[in-house]
Amino acid sequence: MEDNKTQNLESSIEKLAVALDFADEKEAMKFVGLMEDRIKIYKVGLELFSVSGPQFVSKLIGLGYDVFVDLKLHDIPNTVYGAAKALGKLGARFITAHSSGGVEMLQAANEGFNEGCSDGGWGGLRYCLGVSVLTSDPYFTDQLLFSRVETIVTAGLKGFVCSGTDLSKITQKIGHLFKVVPGVRPVGSFENDQLRVTTPSNAIASGADLLVVGRPITLSSNPIAATNEILRSIFLAN
Ligand code: C5P
């Protein structure tokens, strides 16, 4: 019985990435220390990467965490290829490239990432994810979503990022891909700047493989309780 409970918790932990959207490494490490082994995947985004960079990513990997480096790469294919390769070599398990950059750019990101992972000797499942439409985008339309998803599929990426509310609209096109859902808000929490939000249970029930949660945990007065509640919702929705 106890073993089942541990296995369930572990499978829920694998489906949660916490966004370390902190102003500096000190604050981020304070949070990481507090959470102990409740979190296995940390997302380092533009803010923290701009302050603490690759060294901080290596530090988290050295501590045994999986790191999702979310820079939403978007530039000419050659530049994106180089950046993705560097991130792969660094040991990022997930990276993101923006699908608005087009098929060629996404292919370059994927190729660079795969080469970097192999140069760095990093094995296991690793994903260059295509970002479909930001969950905060006020100009979102279904048409835009469909065309971005088409770009991601044509480029041959293994996974992508979209809002939980978008998942059901594109199930047929993306059944085989790894689905990452940000903009997750437990019932009763604030939406902040996210527009197309979904609860953890709805996102998992709609087929999400990984939830990205930031402020509902990091700004909570009790981050441990907030995490436990989300892990419980993930388990119950499976
Ligand atoms: O604090 P919150 O839970 O809104 O954080 C969501 C995280 O997911 C942020 O770090 C944001 O950069 C990221 N993200 C997003 N929408 C996407 C892709 C990533 O909100 N489409």
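Mapping of the sequence shown onto the numbering used here: position 19 corresponds to residue 351, and the numbering continues sequentially without gaps.
Heads up, the beta-carbon is just placed ideally off N, CA and C, and yes, glycines get one too.
Output the distance between the C-alpha atoms of residue i and residue j, rounded to the nearest integer angstrom.
i      : j      : result
ALA415 : GLN439 : 13 Å
VAL401 : VAL412 : 14 Å
SER552 : ARG528 : 21 Å
LEU542 : SER384 : 25 Å
TYR459 : ASN554 : 31 Å
MET361 : GLU368 : 11 Å
GLY455 : VAL364 : 24 Å
SER390 : GLU346 : 20 Å
GLY453 : ALA418 : 13 Å
GLU359 : GLU342 : 26 Å
ALA569 : LEU489 : 27 Å
ALA328 : THR503 : The first residue shown for the chain is 333 and the last is 570, placing residue 328 beyond what the model contains.
Taking only heavy atoms of the ligand MN into account, decide whether any of them is closer than 8 Å to the Cβ of residue i.
i      : result
VAL435 : For the structure depicted, the ligand MN is absent and the ligand set comprises only the ligand C5P.
Cutting at 8 Å between CB atoms, please list the residues of its own chain near residue i, excluding the five before and the five after it.
i      : result
VAL465 : PHE472, LEU476, LEU477, ARG480, CYS494, SER495 and ASP498
LEU366 : PRO555 and ILE556
THR530 : SER495, GLY496, THR497, VAL513, GLY515, VAL516, ARG517 and SER538
Using a Cβ-based criterion (distance less than 8 Å to any ligand heavy atom), does residue i qualify as near the ligand C5P?
i      : result
ASN524 : yes
LYS404 : yes
PRO514 : yes
GLY546 : yes
THR530 : no
ALA355 : no
LYS375 : yes
THR550 : yes
ALA351 : yes
CYS460 : no
VAL519 : no
SER382 : no
Suppose the cutoff is 6 Å on Cβ atoms and the five residues either side in sequence are ignored; what does the same chain contact list for residue i look like?
i      : result
PHE388 : GLU357
ILE344 : Per the sequence presented here, residue 344 reads as Ser, with Ile not at that position. Contacts found: LEU563, ILE566 and PHE567.
ARG582 : The shown model of the chain, from 333 to 570, leaves out residue 582, and the question about it has no answer.
PRO386 : LEU422
Once you ignore the five residues that flank residue i on each side, which residues in its own chain have a CB closer than 7 Å to its CB?
i      : result
SER431 : LEU438, GLY462, VAL463, SER464, ARG480, THR483 and ILE484
LYS505 : VAL481 and VAL485
PRO514 : THR467, VAL493 and VAL544
ASN274 : With the chain represented from 333 up to 570, any question about residue 274 goes unanswered, as that position is not in the structure.
LYS501 : ASP474 and LEU477
ALA535 : GLY496, VAL513, VAL516 and LEU543
LYS372 : ILE345, GLU346, TYR397 and ASP398
Does the distance from the C-beta atom of residue i to that of residue j stay below 9 Å?
i      : j      : result
LEU348 : ILE393 : no
ALA428 : LEU457 : It should be noted that the sequence gives Thr, not Ala, for residue 428. Not closer than 9 Å, so no.
ILE566 : SER533 : yes
ARG425 : ASP451 : no
PHE381 : LEU395 : no
GLY409 : GLU447 : The displayed chain sequence assigns Pro, not Gly, to residue 409. No; because the gap between Cβ atoms is not below 9 Å, this pair is not in contact.
CYS449 : GLY491 : no
GLY433 : ASP407 : yes
Using a C-beta cutoff of 9 Å, does residue i count as contacting chain C?
i      : result
THR483 : The question asks about chain C, but that chain is absent: this structure has only one protein chain.
Examine the Cβ distances between the segment 441-451 and the segment 466-473 and report whether three or more of them are shorter than 8 Å. no
Evaluate contact between the segment 555-567 and the segment 494-510, counting only Cβ atoms and requiring at least three cross-stretch pairs below 8 Å. no
Counting Cβ pairs, one atom from each stretch, are 3 or more of them under 8 Å apart for the segment 345-352 and the segment 365-377? yes
If contact is defined by three or more beta carbon pairs under 8 Å, each pair taking one atom from either stretch, is the segment 540-555 in contact with the segment 516-526? yes
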